[in-house]
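> In the numbering used here, the protein residues as written are 1421 to 1764.
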Amino acid sequence: MKVLKAYKFRLYPSAEQKAFFIFTFGCVRFTYNHLLKERQQEYQRTGFLGKGRTPAQLKKEFPFLKKTDSLALANAQLNLDRAYRNYFRSQAGFPKLKTKKSLWQSYTTNNQQGTIDLVDGQLKLPKLKEHIPVLVHRAVKGKIKSATISAKYNEIFYVSLLCEEEVAPLPKTEKQVAVVFCQEIGIRTSQKILYPPYAVAGLESSLAKAERRLQIKATSARKRKVKLMDARNYQKQKRRVAQLYQIRYQRKRDYLEKLSFELVQAFDVIFIGKDSIQEQPGPFDQQDWLLFLQKLAYKAKWYQKQLVFVEVPRLLQDPSELERTGTALLNKPNWQGRQGSPRE
């Protein structure tokens, strides 16, 4: 089965390459905002929403756009088209202007006849003469389709390579398991599984201490009648807090990634209880549960395992009872027709 899989790596560009990335971020942001404003003005003038101009047409008016990657500008237009489609389908709000003050900046370019390649820890990208050093922590398989360059504070750079690769189904185990949400460890199961390591106690302590320091620095800045955006110590501590939150998010995401693969690898049928979430204080919340289900769903599809959603009472927290209910459901005719997403 052919699937699209993304690999994200840390980049270590030179000063010249950093300048090119930052310039490209600005050109992509300018293209997106300019096309958005033109569409808004056309709608106010005519009452109709046209397709507007293309990046190629913008280059005639703004020659500086010729210095950057043309595919990055084309993808900015496609992203705007997608934003409008999502808005009219009631899947998202109205498209907003992009700002250079955002924490993250990014652009996407496509692989055309080998313009993007990763060899021996060196990344080849369009418009760049020299390759970029990459921290490769896992092997990239399949054909590279596109690359997304992103930067945090325009200081820390990453690349996400979207690859098309062949995924083989996992061996059948003839086992089944039921899974319910748990605030302490993410999930509880009806069968014993090997939980991946997840240690954040020290991180939570550091985060609480960093937030207290941030509050102290904010109070100090106000007493000195200094705006928070101009208070260097406050901004420095704010970045530290954001960094700790990012570390916690990445650790939790990695934990859910490994946990979902462990279930798919060990069991052929996985029962999930709809509306079995009981909000209580803990490291994991409803958003983590939905993220876990998202990862579990695509892994089950990739590796040809079965994911079954079972209607259960909202406060049901017993995975063994859920497994019995799910097994009885499988024995009923036309049970597939009642399947849906956990949000339904």
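Glycine included, each C-beta is placed from N, C-alpha and C at the ideal position. None of these values were measured; they are calculated from a predicted model.
Just to confirm the assignment, what range does the alpha helix (DSSP H) spanning residue 1746 have?
Here residue 1746 refers to the residue found at position 326 when the sequence shown is read from its first residue. Residues 1739-1750.
> Would you kindly work out how many angstroms separate the C-alpha atoms of residue 1501 and residue 1740, rounded to a whole number?
Along the sequence shown, one-based indexing puts residue 1501 at 81. Along the sequence shown, one-based indexing puts residue 1740 at 320. Cα to Cα, residue 1501 sits roughly 47 Å from residue 1740.
> Determine the burial state of residue 1524: buried for a count of at least 16 other Cβ atoms within 10 Å of its Cβ, exposed for fewer.
Taking the sequence shown and counting its residues from 1, one reaches residue 1524 at position 104. Counting Cβ neighbours within 10 Å, residue 1524 comes out exposed, since fewer than 16 surround it.
> Go ahead and pull the three-state DSSP assignment for residue 1593.
For this step, residue 1593 is matched to residue 173 along the sequence shown. Residue state, collapsed to three classes: coil.
> Helix or strand or just coil, what does DSSP make of residue 1660?
On the sequence shown, position 240 is the one that residue 1660 refers to. Three-state DSSP puts residue 1660 in a helix.
> Counting only runs of 3+ residues fully inside the region 1563-1645, write out the beta strand (DSSP E) ranges in chain order.
1563-1572, 1576-1586, 1596-1602, 1606-1609
> Is residue 1686 close to chain B? Criterion is C-beta to C-beta, closer than 8 Å.
This model lacks chain B altogether, as it is built from one protein chain only.
> My assumption, with CB atoms under 8 Å, is that residue 1606 sits in contact with residue 1683. Please give the rounded CB distance.
Locating residue 1606 in the sequence shown gives position 186, where the first residue counts as 1. Locating residue 1683 in the sequence shown gives position 263, where the first residue counts as 1. About 11 Å; that fails the 8 Å criterion.
> To the nearest angstrom, how far is it from the Cα of residue 1560 to the Cα of residue 1427?
For the purposes of this step, residue 1560 is taken as the residue at position 140 of the sequence shown. For the purposes of this step, residue 1427 is taken as the residue at position 7 of the sequence shown. Taking the straight line joining both Cα atoms gives about 7 Å.
> Taking the beta strand (DSSP E) that residue 1475 belongs to, which residues open and close that run?
Counted from its first residue, the sequence shown places residue 1475 at position 55. Segment 1475-1481 is the alpha helix (DSSP H) holding residue 1475; no beta strand (DSSP E) there.
> To the nearest angstrom, how far is the alpha carbon of residue 1580 from that of residue 1569?
The sequence position of residue 1580 within the sequence shown is 160, counting from 1. The sequence position of residue 1569 within the sequence shown is 149, counting from 1. If I take the Cα positions, the gap works out to 7 Å.
> Would you call the region 1461-1478 and the region 1588-1603 touching, i.e. three or more CB-CB distances under 8 Å?
no
> Going straight from the alpha carbon of residue 1743 to that of residue 1668, what length do you get?
Indexing the sequence shown from 1 puts residue 1743 at position 323. Indexing the sequence shown from 1 puts residue 1668 at position 248. Those two C-alpha atoms are separated by around 32 Å.
> Between the Cα of residue 1618 and those of 1440, 1675, 1541, spot the shortest distance and give me the residue it belongs to.
For the purposes of this step, residue 1618 is taken as the residue at position 198 of the sequence shown. The option with the nearest alpha carbon to residue 1618 is 1675.
> What's the gap between the Cα of residue 1665 and the Cα of residue 1520?
Here residue 1665 is taken as the residue at index 245 of the sequence shown, counted from 1. Here residue 1520 is taken as the residue at index 100 of the sequence shown, counted from 1. When rounded, the distance between both Cα atoms is 22 Å.
> Could you tell me the boundaries of the beta strand (DSSP E) in which residue 1536 lies?
For the purposes of this step, residue 1536 is taken as residue 116 along the sequence shown, with counting starting at 1. Unbroken run through residue 1536: none, as it is neither H nor E.
> Just the C-alpha distance for residue 1595 and residue 1750, rounded to the nearest angstrom, thanks.
Position 175 of the sequence shown, counted from the start, is the residue given in the question as residue 1595. Position 330 of the sequence shown, counted from the start, is the residue given in the question as residue 1750. Whole-angstrom Cα-Cα distance: 14 Å.
> Taking the alpha-carbon positions, what's the residue 1608 to residue 1499 distance?
Sequence index remark: in the sequence shown, residue 1608 carries index 188 (1-based). Sequence index remark: in the sequence shown, residue 1499 carries index 79 (1-based). If I take the Cα positions, the gap works out to 39 Å.
> Can you tell me whether residue 1489 is buried or exposed, with buried defined as 16 or more other CB within 10 angstroms of its CB?
Start at 1 with the first residue of the sequence shown, and residue 1489 comes out as number 69. With 16 or more other Cβ atoms within 10 Å, it is buried.
> Kindly examine the ligand ATP and report whether one of its heavy atoms sits closer than 7 Å to the Cβ of residue 1720.
In the structure shown, the ligand ATP is absent, as is every other ligand, since no ligand is present at all.
> Contact defined as beta carbons within less than 8 Å: I believe residue 1633 pairs with residue 1657. What is the distance between those atoms, to the nearest angstrom?
Counted from its first residue, the sequence shown places residue 1633 at position 213. Counted from its first residue, the sequence shown places residue 1657 at position 237. Sure, about 6 Å apart at Cβ, within 8 Å.
> Just checking, does the region 1431-1450 make contact with the region 1571-1585 on the three C-beta pairs under 8 Å criterion?
yes
> Quick check: what's the CA-CA separation for residue 1512 versus residue 1439?
In the sequence shown, residue 1512 corresponds to position 92, counting from 1. In the sequence shown, residue 1439 corresponds to position 19, counting from 1. Residue 1512 and residue 1439: Cα-Cα distance of roughly 33 Å.
> With a cut-off of 8 Å on the beta carbons, I'd call residue 1544 and residue 1536 a contact; round off their distance for me.
Numbered from its first residue, the sequence shown carries residue 1544 at position 124. Numbered from its first residue, the sequence shown carries residue 1536 at position 116. So it is a contact: roughly 6 Å between Cβ atoms.
> Roughly how many angstroms lie between the CA atoms of residue 1541 and residue 1644, to the nearest whole one?
In the sequence shown, residue 1541 corresponds to position 121, counting from 1. In the sequence shown, residue 1644 corresponds to position 224, counting from 1. Pairing residue 1541 with residue 1644, the inter-Cα distance amounts to about 49 Å.
> By how many angstroms is the C-alpha of residue 1486 removed from the C-alpha of residue 1710?
Counting from 1 along the sequence shown, the entry for residue 1710 is found at position 290. Counting from 1 along the sequence shown, the entry for residue 1486 is found at position 66. If you take the alpha carbons of residue 1710 and residue 1486, they lie about 42 Å apart.
> Using 10 angstroms around the beta-carbon of residue 1636, count the other beta-carbons present and answer buried if the total reaches 16, otherwise exposed.
Indexing the sequence shown from 1 puts residue 1636 at position 216. Exposed is the call here.
> Can you grab the Cα-Cα spacing for the pair residue 1731 / residue 1673, in whole Å?
Sequence index remark: in the sequence shown, residue 1731 carries index 311 (1-based). Sequence index remark: in the sequence shown, residue 1673 carries index 253 (1-based). Using only the alpha carbons, I get a separation of about 27 Å.
> Please name the residue or residues paired with residue 1694 in a DSSP beta bridge.
Taking the sequence shown and counting its residues from 1, the one referred to as residue 1694 is at position 274. In DSSP, residue 1694 forms a bridge with 1731.
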